[in-house]
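> Got a structure for you, questions after.
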Amino acid sequence: MPAAAHTSGAAGTVWRTDLEVKARANEPASFTLELLKERMDNTEPLSASFSLEAGESVRLADAVDAVFGFYGSGALRVTATEGAILATSRTYNTNPNGTFGQYIPGLDAEIAAEHGHDYVLMQLSSSASFRTNVGFVNTTGATVALEVDLFTAAASLLGSVPVTLRPYEMRQIPAVFTLVTSESVEDGYAIVRTSTEAGRFFAYASVVDNLSGDAVFIPAQLDGPLAAPPEPRFVVFEAFMRYG
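Position one of the sequence shown corresponds to residue -4 (my numbering), numbered consecutively onward.
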């Protein structure tokens, strides 16, 4: 889970994360849950262990506080130690009249962004009505250097923000467009890449409505030319008929 929280945010928001984990394929499973605290080297993270019966799921409400007693933000690393699991989460802003939540999926470390490619965060805004936070998780045990280029929808480069992540560090940058411009950006995007050859990371954006506190989670997508389709192959069948 690249983002999780038990903390307060801008404009009076109060963020909490519920985590759900299920045993796959109707078989029992065990897993460890680790908290990768924001802006820290998480080589030795806080950890807890859980077991599930066949087909069972468990919801850990307000997991950052309930499991780890921690106030703040970070990422949650869920690792199956027996069997196989599925994991999802919901991070939401509490409100006396209800909650505003954003679904944040579990992401397999095998599909983390890597060196040599650009990754895009789309549908971003920065104005009196909306703010855009961007976040990153280093999935390796070494330092990873990132560059975040911020653009308008018309592909005008507004500026770049360098980010250096310590081992297994999670980092969120609030209101990122305000670091490069004082103007409103009604529609923009970010391009993220790493200069670290062995670097692997996750990137996301969270666009928050400043009036309601409602948020949407936007995962990074690979931004590059489509792979060439395979050349068509034709197979010719010969049929022989004998009369007689």
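Each residue gets a CB set at the ideal place from its N, CA and C atoms; glycine is no exception.
1) Using 8 Å as the threshold, is the C-beta distance between residue 170 and residue 198 below it?
2) Under the rule that 16 or more other beta-carbon atoms within 10 Å means buried, what is residue 33, buried or exposed?
3) Which runs of the alpha helix (DSSP H) at least 4 residues long sit entirely within the stretch 43 to 109? Give them in chain order.
4) If you pair each beta-carbon of the stretch 6 to 21 with each one of the stretch 83 to 92, do three or more pairs fall below 8 Å?
5) So, is residue 127 buried or exposed, given that buried needs 16 or more other C-beta atoms within 10 angstroms?
6) Which one of 219, 76, 62 has the shortest CA to CA distance from residue 188?
7) According to DSSP, residue 205 sits in a beta bridge with which residue or residues?
8) Residue 76 to residue 43, Cα distance in whole Å?
9) Quick one: which unbroken beta strand (DSSP E) runs of 3-plus residues sit fully inside the stretch 161 to 213? Chain order, please.
10) Output needed for residue 41: all residues of its chain with C-beta closer than 6 Å, excluding positions within five of it in sequence on either side, in chain order.
11) Would the beta-carbon of residue 24 fall within 8 Å of that of residue 80?
12) In terms of alpha-carbon separation, which member of 66, 18, 78, 138 lies closest to residue 54?
13) Where does residue 1 land, buried or exposed, given buried means 16+ other C-beta within 10 angstroms?
14) Within the same chain, show all residues whose beta-carbon is closer than 6 Å to that of residue 208, passing over the 5 residues directly before and after it, in chain order.
15) Can you confirm whether the stretch 153 to 172 touches the stretch 114 to 134 when touching is taken to mean that 3 or more C-beta pairs between the two stretches lie within less than 8 Å?
16) According to DSSP, simplified to helix, strand and coil, what is residue 140?
17) What residue range is occupied by the uninterrupted beta strand (DSSP E) comprising residue 1?
18) Does the beta-carbon of residue 111 have 16 or more other beta-carbons within 10 angstroms, so that it is buried, or is it exposed?
19) For residue 154, write down the residues that DSSP places opposite it in a beta bridge.
So, from the data block:
1) For the 8 Å CB-CB criterion, residue 170 and residue 198 do not form a contact.
2) Counting Cβ neighbours within 10 Å, residue 33 comes out buried, since at least 16 surround it.
3) List check, alpha helix (DSSP H) in window: 58 to 63.
4) Counting Cβ pairs under 8 Å, three or more are found: they touch.
5) Residue 127 should be labelled buried.
6) Of the listed residues, the one whose Cα sits closest to residue 188 is 219.
7) In the DSSP output, where bridge partners are listed per residue, residue 205 has none listed.
8) Distance between the alpha carbons of residue 76 and residue 43 is about 12 Å.
9) Qualifying beta strand (DSSP E) stretches, in chain order: 165 to 168, 180 to 189, 195 to 204.
10) By the criterion of a C-beta distance shorter than 6 Å, residue 41 is surrounded in its chain by 30, 63, once the five residues flanking it on both sides are discounted.
11) Yes, the Cβ-Cβ distance between residue 24 and residue 80 is below 8 Å.
12) Checked all of 66, 18, 78, 138; the closest Cα to residue 54 is 18.
13) Looking at its Cβ environment, which holds 16 or more other Cβ atoms inside 10 Å, residue 1 is buried.
14) 8, 88, 95, listed in sequence order.
15) Yes, they touch.
16) Residue 140 falls in the strand class under three-state DSSP.
17) For residue 1, the enclosing beta strand (DSSP E) covers residues -1 to 3.
18) Around the beta carbon of residue 111, fewer than 16 other beta carbons sit within 10 angstroms, so the residue counts as exposed.
19) Residue 154 pairs with 145.
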